[in-house]
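If you're matching them up, the sequences are chains A and B in order. For what it's worth, my numbering labels the leading residue of the first sequence as -3, then goes sequentially. For what it's worth, my numbering labels the leading residue of the second sequence as -3, then goes sequentially. In this text, a Cβ means the ideal position worked out from N, Cα and C, and glycines have one as well. Input: a single structure, listed below in structure tokens.
Protein chains: 2
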Amino acid sequence: MRLSRSFIPTMKETPAEAQIASHRLMLRAGLVRQTAAGIYAWLPIGYRVLRNIEQIVREEQDAAGAQELLMPTIQSADLWRESGRYEDYGKEMLRIKDRHDRDMLYGPTNEEVISDLFRQSVKSYREMPQILYHIQWKFRDEVRPRFGVMRGREFLMKDAYSFDMDHAGAVVSYRKMMLAYMRTFQRLGLKAIPMVADTGPIGGDLSHEFIILAPTGESQVYYDAAFEEVDYGTSGTGGFNYADAGDLHRFFELMTTNYAATDEKHDEAKWATIAPERKREGRGIEVGHIFYFGTRYTKPLGVTVAGPDGKPVHPEMGSYGVGVSRLVGAVIEASHDEAGIIWPDAIAPFKAAILNLKRGDAACDGLCEQIYARFGSSALYDDREDRAGVKFADADLMGHPWQVVVGPRGAAAGKVELKRRATGERVEVTPEEAIARIG
Amino acid sequence: MRLSRSFIPTMKETPAEAQIASHRLMLRAGLVRQTAAGIYAWLPIGYRVLRNIEQIVREEQDAAGAQELLMPTIQSADLWRESGRYEDYGKEMLRIKDRHDRDMLYGPTNEEVISDLFRQSVKSYREMPQILYHIQWKFRDEVRPRFGVMRGREFLMKDAYSFDMDHAGAVVSYRKMMLAYMRTFQRLGLKAIPMVADTGPIGGDLSHEFIILAPTGESQVYYDAAFEEVDYGTSGTGGFNYADAGDLHRFFELMTTNYAATDEKHDEAKWATIAPERKREGRGIEVGHIFYFGTRYTKPLGVTVAGPDGKPVHPEMGSYGVGVSRLVGAVIEASHDEAGIIWPDAIAPFKAAILNLKRGDAACDGLCEQIYARFGSSALYDDREDRAGVKFADADLMGHPWQVVVGPRGAAAGKVELKRRATGERVEVTPEEAIARIG
């Protein structure tokens, strides 16, 4: 994309309303704009990052055997009356009357709708187990939305729902999803720690939150070094196989026997028993939450499947949420410096920026066009008529993993400067070497 | 995907509420389920098709130079008061009060929001022109939703918005989008005819609808054979280049000088002047609508950019909509038979179905697994313990472009039957030949 013609409105000043780093940087780098309180439009480079994260979440859900579908944003209140949650949910639920005065709502979560789809469709234990997920916009009418996309009202969430014939099966599904989450975070370049959590309005008796480590995180976290030593692998690799119950058990033991807690639940007595060299502390941000709640919804909604003996069985359910739009903010909190964002390669909006330091100089223009032609839409070509300082600052702010800096002296000698954003390392190389390194 | 474990609830009976072919077939083949009046959940194979269509729409928008972003579903009423449309829009707009009693709405279209984003971001003629688009769910509270996803309340639409410095520029943008649409429909395997249209609530003085030919279409259409003779090309190919104003002019002349009208606007006198061998008639379905409306929104919203002389100019706008979820229905209306759907290759949920006619037969099981391993998630393996007749019927119903039929006699001889859904043609081939033909 040519920056001179692109819709990437960067800002020089720090917006006064933004209290945290990711909010400031997302506004300044032109990733999002607020269109109403806690509601954001995702501008081109912000949307690229959102879609890149969404795709990694999707691939890891698919690899774990979950099937993707899409439930609508607007739901009927009737199902929520069946489950008993309509009155309970409170003011965070956006309640709507349609033109026929029927009670509707903007889904804050989807246990009721998925249970309804399931009860219409699955009849026999032969079709079990099932894990179904979607990646859809949700609305929670926060009383005081803040921190940009970290606590917005309209947000993108991946929510999965598992259906099993019994408790033992449900535990296997729960472990699969936990592993899928750890793989997802690892691919996003994040360090994540699962922590025992309260079940809240979803109900149930087993629940974990996933906390991402970031120096600017909202809570203090204490954890054992073990979490940093595990290679969770990506789909198809790593030490754990979804099809192997023993692997899943071993993985779950690792995740649950090692100490991990936020300051709210921190247990100083237990912490004191851990060897000092194993203790880790940091700040963290919650980005995901998983629940096992058995028949909490399948009983009131009358969901049954026929067991091997023909008798109806209420399936045991779990639900598994990760905040996809929140992850964009969390990644920035975990990976930025004073100059701007530092995108992990896996989710960067562009692999590289090409900085033309002297537009109109034949050698600069020619070299830039030649490099840009090789990358096409995966590079951002800064072809603006602007000072070099502005281009350096904007490239650092936007956080492209690589910068290819093309100045008149180097260009005349057939050389460019290649800068790695994460380390600040700069080398003078030929255009071919630059292209090869960027990959 | 293994059909025995997949969430694809097919139905043997024709649902009573479905009046048109696409609605019946989408329910029967397990593509969608209604969750509230005019609101649908997209089940796994339906969602695959929706995403395939969405991706083709996206690629052709990108190729035309449009930039993707994402505006939220929930909007503030304030902007609609600025444009003067809040009171006018009527009961199709889903109006919402949030917890602070602010007037919100579920966006039925996005002229106001995009104009607001544009006025915050683009300051100079140097950054012009701009075409911005998003693919987002919309809500229109139809008084009587019907025909499945063809006239639902919550629907997926691609809407693009162009901003130009003057009328001449706006006309170029309009032609680019028209070409992008014809390329999109061609890639989807559809015959489309652009027709002069009324501008309705969007306003403006130039507008075209795109009508897809389908034997079960809602209106009668009359058109010149010329529309069937043009090769619109796909991005990067074909006789028309987006960067060449002459090409765009020639394309637009072709689209607008040849006769085309629905029965509502049919002009018998003009029709009589067309040579009989050039006359074409058929049934059609509207799937897209484009508008040029100049400064209809930029004036009331006070959107300006500085011209070359420094003076503020109200940009000239156009908007360009295509019903992405509606297209799923339209494709089925255009491509089905009594047995079921016939998916065009470009958007099929799976390339092929593999039909195991005798589960438990070592040769059948082995051959099926071998072929399935080659295709992975791009094939649907019917591994159910069911009669061959059920498998044939479901494969025809679901409309996979190819069926690989593996029966015990053939399998013993190392042969399979390959069936092409569109033609019904069947050939006995080796598994390798089948794999090669499916591609």
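Would you say residue i faces chain A, with C-beta separation under 9 Å as the test?
{"i": "Pro304/B", "result": "no"}
{"i": "Ile49/B", "result": "no"}
{"i": "Leu297/B", "result": "no"}
{"i": "Leu46/B", "result": "yes"}
{"i": "Met(-3)/B", "result": "yes"}
{"i": "Asp390/B", "result": "no"}
{"i": "Glu13/B", "result": "no"}
{"i": "Asp227/B", "result": "no"}
{"i": "Glu312/B", "result": "no"}
{"i": "Glu260/B", "result": "no"}
{"i": "Glu9/B", "result": "no"}
{"i": "Glu277/B", "result": "no"}
{"i": "Glu381/B", "result": "yes"}
Going straight from the alpha carbon of residue i to that of residue j, what length do you get?
{"i": "Glu9/B", "j": "Gly385/B", "result": "16 Å"}
{"i": "Glu329/B", "j": "Tyr170/B", "result": "28 Å"}
{"i": "Tyr316/A", "j": "Met174/A", "result": "9 Å"}
{"i": "Glu88/A", "j": "Asp99/A", "result": "16 Å"}
{"i": "Asp94/A", "j": "Tyr255/B", "result": "42 Å"}
{"i": "Ala188/A", "j": "Ile52/B", "result": "36 Å"}
{"i": "Val423/B", "j": "Ile350/B", "result": "15 Å"}
{"i": "Ala432/A", "j": "Ala375/A", "result": "14 Å"}
{"i": "Met161/A", "j": "Arg47/A", "result": "34 Å"}
{"i": "Gly306/A", "j": "Arg380/B", "result": "19 Å"}
{"i": "Arg142/A", "j": "Lys154/A", "result": "21 Å"}
{"i": "Arg440/B", "j": "Tyr129/B", "result": "The structure shown does not extend to residue 440/B, since chain B is modelled only from -3 to 435, so the question has no answer here."}
{"i": "Gln132/A", "j": "Val139/A", "result": "22 Å"}
{"i": "Tyr377/B", "j": "Gly395/B", "result": "14 Å"}
{"i": "Leu113/A", "j": "Gly229/A", "result": "33 Å"}
{"i": "Lys387/B", "j": "Ser117/A", "result": "18 Å"}
{"i": "Asn352/A", "j": "Val402/A", "result": "5 Å"}
{"i": "Lys354/B", "j": "Leu209/A", "result": "53 Å"}
{"i": "Leu244/B", "j": "Gly165/B", "result": "12 Å"}
Just the chain B side, please: which residues come within less than 7 Å of residue i by C-beta, in chain order?
{"i": "Ile92/A", "result": "Leu90 and Ile92"}
{"i": "Asp137/A", "result": "Asp94 and Arg95"}
Which two residues bound the contiguous beta strand (DSSP E) that contains residue i?
{"i": "Val401/B", "result": "Trp398 to Val402"}
{"i": "Thr253/B", "result": "Unbroken run through Thr253/B is the alpha helix (DSSP H), Ala241 to Thr253; no beta strand (DSSP E)."}
{"i": "Ile328/B", "result": "Where Ile328/B is concerned, there is no enclosing beta strand (DSSP E), although the alpha helix (DSSP H) it sits in stretches over Val320 to Ala330."}
{"i": "Ser215/A", "result": "Ser215 to Asp220"}
{"i": "Trp133/B", "result": "Gln126 to Phe135"}
{"i": "Val283/B", "result": "Lys275 to Gly290"}
Starting from residue i, find everything on chain B with Cβ-Cβ shorter than 9 Å and list it in chain order.
{"i": "Met394/A", "result": "The contacting residues do not exist; Met394/A stays about 15 Å from chain B at best."}
{"i": "Glu123/A", "result": "Ser0, Arg1, Ser2 and Phe3"}
Using a beta-carbon distance below 9 Å, is residue i in contact with chain B?
{"i": "Ser331/A", "result": "no"}
{"i": "Pro5/A", "result": "yes"}
{"i": "Trp133/A", "result": "yes"}
{"i": "Asp240/A", "result": "no"}
{"i": "Asp162/A", "result": "no"}
{"i": "Glu56/A", "result": "no"}
What residues of chain A sit near residue i, judged by a beta carbon separation below 7 Å?
{"i": "Leu128/B", "result": "Phe3"}
Does residue i have its Cβ less than 9 Å from a Cβ in chain E?
{"i": "Arg322/B", "result": "Protein chains in the displayed structure are A and B, and chain E is not among them."}
Start and end of the alpha helix (DSSP H) containing residue i?
{"i": "Asn48/A", "result": "Pro40 to Ala59"}
{"i": "Gly362/A", "result": "Ala358 to Phe371"}
{"i": "Pro427/A", "result": "Pro427 to Ile434"}
{"i": "Asp392/A", "result": "Ala384 to Met394"}
{"i": "Gly165/B", "result": "His163 to Arg183"}
{"i": "Ser438/B", "result": "Here chain B covers residues -3 to 435 and nothing more, so residue 438/B does not appear."}
(Q) Against chain A, which members of the segment 170 to 197 of chain B pass a CB distance test of less than 7 Å? (A) none
Q: With 7 Å as the C-beta to C-beta threshold (strictly closer), list the residues of the segment 24 to 43 of chain B near chain A in chain order.
A: Arg29, Thr31, Ala32, Ile35, Tyr36, Ala37, Trp38, Leu39, Pro40 and Tyr43
Q | Members of the segment 93 to 117 of chain B that neighbour chain A once the beta carbon cut-off is set at 9 Å | A | Lys93, Asp94, Arg95, His96, Arg98, Met100, Tyr102, Val109, Ile110, Asp112, Leu113, Phe114, Gln116 and Ser117
Q: Would you list, in chain order, the members of the segment 64 to 89 of chain A that have their beta-carbon closer than 9 Å to a beta-carbon of chain B?
A: Glu64, Leu65, Leu66, Met67, Pro68, Thr69, Ile70, Gln71, Ser72, Asp74, Leu75, Lys87 and Glu88
Q) When Cβ atoms are compared, which residues of the segment 146 to 159 of chain A fall closer than 7 Å to chain B? A) Glu150
**Q.** Within 9 Å of chain B by C-beta, residues of the segment 357 to 378 of chain A in sequence order
**A.** Ser373
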